[in-house]
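> Numbering (UniProt numbering), first residue to last: 6 to 444. Think of the CB as a built atom: it goes at the ideal place given N, C-alpha and C, for glycine as much as any other residue.
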Amino acid sequence: LTDRLQKALTGLKRKGKVTEADLRDSLREIRLALLDADVNYTVVKEFIRNVRDKANGAKVLEGLNPAQQIVSIVNDEMVAMMGEEAVSLNKAPKIPTVIMMVGLQGAGKTTTAGKLAKKLKDEQDARPLMIAADVYRPAAIEQLKTLGAQIDVPVFDQGVDVDPREIVRAGMALAREQKNDYVFIDAAGRLQIDEALMQELADIKAIAQPDEIMLVVDAMTGQNATETAQGFNERLGLTGITLTKLDGDTRGGAALSIRAVTGTPIKFVGQGEKLTDLDVFYPDRMASRILGMGDILTLIEKTQKEYDEKQAQATMEKMKENSFDFNDFLTQMEQVQNMGPMEDLIKMIPGMANNPALKNVKIDPKDMAHLKAIVYSMTPAERENPDLLTPSRRRRLAAGAGRPIVEVNRMIKQFNEMKKMMSSVLNGNMAGMEQMMGA
Ligand code: GDP
Ligand code: MG
């Protein structure tokens with residue numbers, strides 16, 4: 006973000022918790038910085054609210070200070086808002102997959118069509134066809150043909166005197182006949198959204214029934230990018246977005262707003278004029294770019310990882326000593342989100358990852374809440390010493406958790422078996438473990 010924010014954040018003192026005051030100051034700076042990065046006002050408001058909810062009273066991880074903890078929360082929230090994971094191109098169940106490129110003039114539609122066609126060719130040996138449907142500028146058709154020649158992809162065109170709807174109809178027929186697996190429709194754009202353009206695009210959509218309506222939008226246009234995306238989405242129903250010109254000096258705040266306002270995933274980013282300058286969009290990389298705090302984020306990631314590893318190590322030690330109790334079990338369950346499910350933890354044990362006996366180990370997250378409720382109904386002494394759980398105490402747990410007694414019994418049985426198994430495995434007795442799993 007800005008130098009000012011960096012200063013505000015690094016100025017916070019090292020304390021165990023994120024305080025109200027820490028938050029107020031940091032959030033004010035973050036808010037200004039996001040607006041500065043051209044993130045839409047409403048989106049900023051929602052963003053700040055979410056961060057405040059998550060950061061208030063949050064525990065500061067060992068090795069971090071409150072400022073870094075806030076950056077970590079801000080980063081996570083950004084990643085969440087941008088959709089967490091990379092999203093790939095839609096694919097038709099039956100060829101051809103039709104990709105319609107839409108967007109304002111100069112956004113990079115034609116270039117991106119060429120980049121994508123090349124990528125599909127290189128990665129999947131695809132046989133795309135590109136349709137030249139921008140008839141308003143003679144140069145547009147020439148540009149697509151030149152591109153096609155460079156990447157050895159055929160271009161279908163009928164010059165500038167045919168209605169683009171007819172061109173698309175004829176191009177689609179040709180693609181079906183030639184069994185092309187991808188079709189790119191290079192549609193026209195305008196300097197601004199207007200009704201004639203939208204009508205033409207809606208007609209083309211009806212004719213070609215695209216699997217992907219890809220909005221190409223220039224990241225440098227800041228706030229306008231969001232309005233553009235909203236306009237195209239309302240009228241056409243976008244399925245994907247490519248954000249271009251990220252090789253420029255923009256922070257990329259548009260990514261945050263566009264995704265939030267349209268709900269449409271950003272799938273690719275253009276990073277230059279060359280045909281290889283197209284990358285899959287990764288929300289975490291974009292968040293780091295918008296924040297501009299790569300070093301701090303690297304530190305946070307490292308600290309988080311070390312913390313998780315330390316916790317896992319401690320759990321492992323307790324299991325080995327056979328002193329794993331219901332408190333550990335609870336901690337374990339609460340960490341599932343960070344650490345991955347129990348079955349993954351088991352697989353972290355050397356030699357266990359590929360053990361076929363573990364294939365069937367599955368803990369349904371739905372059951373987690375029930376298990377937790379049962380543990381919460383235990384007294385501290387019972388949690389520390391599961392042997393105390395006599396039948397009458399188990400009935401009390403069942404009533405307390407609102408679960409049937411058989412479930413309580415099953416859970417305790419499984420807990421004891423797991424404990425025995427883990428201790429056995431960790432003390433090197435693999436055979437015993439396999440026996441148990443087989444049973
Ligand atoms: P269209 O009107 O939407 O089809 O846009 P074009 O594909 O013709 O692109 C307009 C201009 O933007 C061209 O000069 C492209 O080379 C350039 N361009 C497209 N994508 C990028 C990008 O990711 N980075 C940079 N620097 N230039 C780009
Ligand atoms: Mg074009």
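Compute the Euclidean distance between the alpha carbons of G194 and L32, then round it to the nearest angstrom.
C-alpha separation (whole angstroms): 39 angstroms.
> Going by alpha carbons, who is nearest to F331 out of M426, I295, I379 and P215?
Of M426, I295, I379 and P215, the residue nearest in Cα terms is I379.
> Determine the burial state of P101: buried for a count of at least 16 other Cβ atoms within 10 Å of its Cβ, exposed for fewer.
Buried, because 16 or more other Cβ atoms sit within 10 Å of the Cβ of P101.
> Once the 5 residues before and after D199 are set aside, which same chain residues still bring their CB inside 7 angstroms of it?
Result list for D199: empty, nothing under 7 angstroms.
> Expressed to the nearest angstrom, what Euclidean distance is found between the alpha-carbon atoms of V49 and D333?
Going from the Cα of V49 to the Cα of D333 covers about 39 angstroms.
> Would you say M219 and M106 are within 7 angstroms of each other, going by their C-beta atoms?
In contact: M219 and M106 (Cβ atoms closer than 7 angstroms).
> Can you tell which of P396, S397 and Q276 has the C-alpha that lies nearest to the C-alpha of T117?
Selected option, being the one with the closest Cα: Q276.
> Got a sec: does the ligand MG put a non-hydrogen atom nearer than 6 angstroms to the Cβ of residue 4?
Nothing in the structure corresponds to residue 4, since the chain is present only between 6 and 444.
> Do I246 and I212 come within 7 angstroms of each other at the CB atom, strictly closer than that value?
It is not a contact, given that the beta carbons lie outside the stated cut-off.
> Could you tell me how far apart the beta carbons of Q155 and I305 are, in whole angstroms, since I believe they sit closer than 8 angstroms?
Contact doesn't hold; Cβ gap of about 43 angstroms is too wide.
> In three-state terms, what does DSSP make of T47?
Three-state DSSP puts T47 in a helix.
> If contacts are defined as beta-carbon pairs under 8 angstroms, then V158 and M135 qualify, I think. What distance do you get, rounded to the angstrom?
So it is a contact: roughly 6 angstroms between Cβ atoms.
> Can you pull the DSSP bridge partners for A60?
According to DSSP, A60 bridges with nothing at all.
> Where does V380 fall in DSSP's three states?
Helix at V380.
> In terms of DSSP beta bridges, what is G275 paired with?
Note: G275 sits in a beta bridge opposite L283.
> Return yes when at least one heavy atom of the ligand MG lies under 6 angstroms from the C-beta of K114, else no.
The answer is yes for K114.
> Please find out if some non-hydrogen atom of the ligand MG comes closer than 6 angstroms to the beta-carbon of D139.
For the ligand MG, at least one heavy atom lies less than 6 angstroms from the Cβ of D139.
> Is the beta carbon of M225 less than 7 angstroms from the beta carbon of G253?
Yes, the Cβ-Cβ distance between M225 and G253 is below 7 angstroms.
> Quick one: does the C-beta of A292 sit closer than 6 angstroms to a heavy atom of the ligand MG?
Checking every heavy atom of the ligand MG against the Cβ of A292, none is found closer than 6 angstroms.
> What is the DSSP secondary structure of V84, reduced to helix, strand or coil?
If DSSP states are grouped into helix, strand and coil, V84 belongs with the helices.
> So what does DSSP say about E90, is it helix, strand or coil?
DSSP places E90 in coil when its eight states are reduced to three.
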